[in-house]
Each structure stands twice: as structure tokens, then as C-alpha cells.
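Worksheet: the structure to be examined is printed underneath.
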Amino acid sequence: MPPNPASVDAPVSVLDNLRWQQLESRLPGASFVYGVTTTGVVCSPGCPSRLPRRENVRFYEDIRGALQAGFRPCKRCRPLDKVGTDLGELLARVCRNLEGYVVSGADAAIADVASDADMAEATLLRHFRSVTGLTPTEYLAAIRQCRLYPALAKQGSVLQAATEAGYGSASHFYQDAPRLTGMPPAKHRKGGKGEQLTFALASTELGELAVAASSQGVCWIALGEDPGVLLDEFQDHFRHATLLPPNDAFNQQIAAVCQLVQHPEQPVTLPLDIRGTVFQRQVWQALQAIPVGMTLDYQQLAERIGRPTAARAVARACASNVLAVAVPCHRIIRRDGGLSGYRWGVERKAWLLAREKAASEGN
Ligand SMILES: [Zn+2]
Numbered sequence: 012m013p014p015n016p017a018s019v020d021a022p023v024s025v026l027d028n029l030r031w032q033q034l035e036s037r038l039p040g041a042s043f044v045y046g047v048t049t050t051g052v053v054c055s056p057g058c059p060s061r062l063p064r065r066e067n068v069r070f071y072e073d074i075r076g077a078l079q080a081g082f083r084p085c086k087r088c089r090p091l092d093k094v095g096t097d098l099g100e101l102l103a104r105v106c107r108n109l110e111g112y113v114v115s116g117a118d119a120a121i122a123d124v125a126s127d128a129d130m131a132e133a134t135l136l137r138h139f140r141s142v143t144g145l146t147p148t149e150y151l152a153a154i155r156q157c158r159l160y161p162a163l164a165k166q167g168s169v170l171q172a173a174t175e176a177g178y179g180s181a182s183h184f185y186q187d188a189p190r191l192t193g194m195p196p197a198k199h200r201k202g203g204k205g206e207q208l209t210f211a212l213a214s215t216e217l218g219e220l221a222v223a224a225s226s227q228g229v230c231w232i233a234l235g236e237d238p239g240v241l242l243d244e245f246q247d248h249f250r251h252a253t254l255l256p257p258n259d260a261f262n263q264q265i266a267a268v269c270q271l272v273q274h275p276e277q278p279v280t281l282p283l284d285i286r287g288t289v290f291q292r293q294v295w296q297a298l299q300a301i302p303v304g305m306t307l308d309y310q311q312l313a314e315r316i317g318r319p320t321a322a323r324a325v326a327r328a329c330a331s332n333v334l335a336v337a338v339p340c341h342r343i344i345r346r347d348g349g350l351s352g353y354r355w356g357v358e359r360k361a362w363l364l365a366r367e368k369a370a371s372e373g374n
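Counting from 12, one number per residue, gives the positions in the sequence shown under my numbering.
Given below as C-alpha cells:
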């Protein structure tokens with residue numbers, strides 16, 4: 012995965028601070044380049060453009076890293092010229108052409124881009140790769156991601172942001188950015204107001220997976236068939252939250268959630284940000300205490316938390332769980348052994364229980 016241009020919560024390194032000082036004072040001779048997340052442009056220090064705000068600047072060792080992150084070369088300071096010869100100018104034009112496709116939402120025709128640059132497609136591919144480390148198609152995907160984050164930072168829906176970023180359809184969006192978007196920390200206000208979370212989609216054996224995390228831990232795990240629907244649900248639930256792009260820590264959490272839903276028999280080691288009323292949390296804790304391979308009904312669960320007459324409220328609390336598998340509400344079945352419902356699909360529930368049963372029997 013290319014480095015993320017807008018890792019808002021990435022640790023600020025000492026080196027980056029020095030680079031920023033260098034930028035601010037417009038000291039010549041700097042060897043790095045910088046991307047501006049609000050414009051999607053990569054510049055060389057000394058660019059005559061207005062100095063961007065610190066939080067919108069991402070530093071890169073060289074132009075290659077910036078291009079891989081989806082930035083396009085600035086027309087004013089022409090950071091690609093350092094590549095040497097005419098190639099820099101030519102590739103800058105290729106980058107702009109490719110970006111044009113993203114902006115217009117049209118399918119990119121690499122052959123046209125090559126002919127505009129007066130190169131055979133294979134030559135273009137070779138040159139482009141030698142400078143950027145990417146194929147034009149990979150660069151297109153990087154531009155879309157790069158454009159997505161500022162779009163997400165505005166209000167609007169995730170899908171709207173995706174469209175704005177040049178994703179023609181939700182599936183395209185999904186394909187390019189399986190480890191997408193995000194919103195941090197637990198203010199616990201309605202609709203996630205004032206909070207920032209990171210959100211991503213992934214494909215698993217159990218279907219499509221949506222995960223969101225705050226700075227406290229994973230706060231949303233949902234399963235389904237349609238990534239667009241998962242996005243909508245997430246958006247509905249956290250409509251006032253701000254999305255942050257994924258960082259390394261989040262990517263690790265995603266990997267751990269994928270692992271968890273495919274191996275529900277394994278212990279949950281993820282940090283969870285569990286939000287709910289005292290009662291709900293009590294119920295969810297009781298769910299987490301059900302051993303792998305065991306199932307209970309609502310009544311039994313109600314008894315476990317010392318509220319034997321509250322089976323219906325217990326059922327409601329189970330139904331409000333937003334952490335699929337991590338809070339194992341799938342271990343609740345009907346008294347007669349029937350599976351009863353499951354927010355994320357009864358088939359998935361059956362699959363999870365079968366997997367846990369097999370594991371607990373030592374298979
Ligand atoms: Zn510039």
C-alpha cells in the first residue's frame with residue numbers, strides 16, 4: 012500500500028519538524044519534497060506558491076514517494092524536473108493527464124495518455140515506473156485515495172466523498188481502497204459528533220467486513236455482502252464524526268479483525284472501544300465471558316448478569332451490539348436450539364458457531 016498522504020495522526024518526526032522549519036524560512040538546498048493534502052500537489056522547497064498550513068503538509072524523501080502517495084507534480088516548481096532531461100516534464104504531463112481522468116470520472120485510457128506523451132505505451136509504462144515505482148493504473152488509484160481524505164473531511168456521506176474523489180462507483184471505491192477511510196477519540200456524543208474515527212472495508216471468508224476505530228480501540232465491526240450498504244450503515248451511526256485516513260496501527264487492527272472473524276474461536280486481543288449504557292455493557296461483558304463452543308439463550312444470559320426478569324432488555328442489548336464477533340452475540344440462540352436472528356446474517360451466525368464448535372471439540 013502506498014504511503015498515506017493524509018495520515019493526520021501520524022507521529023510528527025523530528026526530521027519533519029526540521030523540514031518544516033526549512034520550508035517556513037524558505038531555505039534553499041533542501042533535498043525533500045512536500046505534498047499538500049488540500050490541493051493534492053507535490054512541491055519542491057522554494058516553490059513560489061503560498062506556504063501551506065503545517066497540518067496539510069506531508070514530507071517525502073523524494074518525488075517518488077510523493078507520487079506513490081497520489082500527489083501530482085506542481086506546475087510552478089516542477090519537482091519532476093530533477094528527474095533530469097525532458098522526461099520529467101513529459102511525465103509531469105502524464106501525471107496531469109491521469110489526474111484528469113480521476114477528476115472527470117472517465118475510465119482512463121493509458122493508450123491515449125501515451126500517445127499524448129508521444130510514447131509507445133510500453134515505453135511510457137517503463138519510464139513511468141522507473142520514476143514513480145508505480146504503473147499508471149496504480150498511480151490512478153493513489154490519486155483517488157489522496158483526493159478522498161480531504162473530501163471525507165468535509166461533511167457529506169462517505170459515498171459522496173468517494174464520488175468527489177473520482178471513484179465512479181462504490182465498488183470502484185471499494186476495490187481501490189479496501190483499507191479505507193477514517194474518523195478519533197471517544198467523545199461519546201450522538202452520531203460521533205466531534206470525534207474522529209478511522210474506517211475501512213475488507214473482504215473476508217465471511218463476506219465483506221467494515222471496521223472503525225477510535226484512538227481507544229475498535230468501535231465498529233460489521234459484516235455484510237455489499238460494501239456500499241456497510242458504508243451507509245457506518246455513516247448513519249457516526250454521521251457527525253470526522254474521518255481520518257488509516258495509519259499503520261489501524262491497518263494492524265484491520266488485519267486483527269479479519270483474523271478474528273475468520274477464527275472466532277481465538278481470543279480477542281484487540282483493544283475495543285465499547286460504547287453503551289451501563290446495562291448494555293454489562294450484557295456485552297457477559298457475552299464476552301461465554302466460552303467458545305458454548306451457547307446461551309437470552310434468559311440464561313439475563314440470569315448470568317443477575318437480572319433474571321430482564322431477558323427482553325438483554326435481548327435488546329444484544330441487538331445493539333456493534334462489534335460483530337468481538338462481542339460474541341452470535342453465541343446467543345433460542346431456547347429450543349434454533350439460531351434465531353443475527354444482525355449480520357443468520358448464515359454467518361451458523362458459520363461462526365460451527366467454527367467455534369469444531370474448535371472446542373479439538374478439530
Ligand atoms: Zn510548487
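The C-beta atom is built at its ideal place from N, Cα and C for all residues, glycine as well.
Small disclaimer: the values here were computed from a predicted structure and weren't measured.
Under 7 Å: does the beta carbon of residue i sit that close to some heavy atom of ligand 1?
i	result
C54	yes
S60	yes
C269	no
R87	yes
State the start and end residues of the unbroken alpha helix (DSSP H) segment that holds residue i.
i	result
E314	Y309 to R315
F261	D259 to Q273
A221	Taken as a continuous stretch (DSSP letters only), A221 belongs to no alpha helix (DSSP H), being part of the beta strand (DSSP E) at G218 to A224.
C329	A322 to A330
V124	I121 to D127
R69	Careful: R69 lies outside any alpha helix (DSSP H), inside the beta strand (DSSP E) at V68 to Y71.
G356	First-last for G356: undefined, no H or E at that position.
Q79	I74 to Q79
Does DSSP put residue i in a helix, in a strand, or in coil?
i	result
V44	strand
P147	helix
C106	helix
T306	coil
F139	helix
L363	helix
F184	Note that F184 scores a pLDDT of 46, beneath 50, so its modelled location is shaky; the value from the coordinates is reported in the next line. Of the three classes helix, strand and coil, the one that applies to F184 here is helix, per DSSP.
R155	helix
L350	coil
I343	strand
Let me make sure I understand the geometry here. Which of the options has the alpha-carbon closest to that of residue i?
i	options	result
S382	I154, C85 and V333	Within the shown structure, residues of the chain are numbered from 12 to 374, placing residue 382 beyond reach of any answer.
V105	G144, E314, Q79 and L135	L135
S214	L208, S226 and L241	L241
D243	A267, F210, V268 and E206	F210
P275	L255, T253, Q299 and T288	Q299
I265	A223, W295 and D129	A223
L145	G304, G81 and L62	G81
V272	L217, Q246 and L151	L217
P56	V124, R83, L78 and R89	R89
I344	S226, G304, A337 and L62	G304
G356	R346, G348, C340 and A324	C340
If you follow the beta strand (DSSP E) that residue i is in, where does it begin and where does it stop?
i	result
W231	V229 to G235
L208	Q207 to T215
G239	From DSSP, G239 is part of no beta strand (DSSP E) but of the alpha helix (DSSP H) over P238 to H248.
F290	Note, F290: premise wrong, no beta strand (DSSP E); alpha helix (DSSP H) at V289 to Q299.
L254	T253 to L255
R286	R286 -> no beta strand (DSSP E), and no H or E assigned at all.
R64	Note, R64: premise wrong, no beta strand (DSSP E); not H, not E.
V53	V52 to C54
Quick check: the region 58-75 against the region 104-116, are there 3 or more CB pairs under 8 Å?
no
For the structure I just gave you, are there three or more beta carbon pairs, one from the region 258-269 and one from the region 305-325, closer than 8 Å?
no
Should the region 363-374 be called in touch with the region 314-322, which here means at least 3 C-beta pairs below 8 Å?
no
At a cut of 8 Å, does the region 281-300 reach the region 328-348 through at least three beta carbon pairs?
yes
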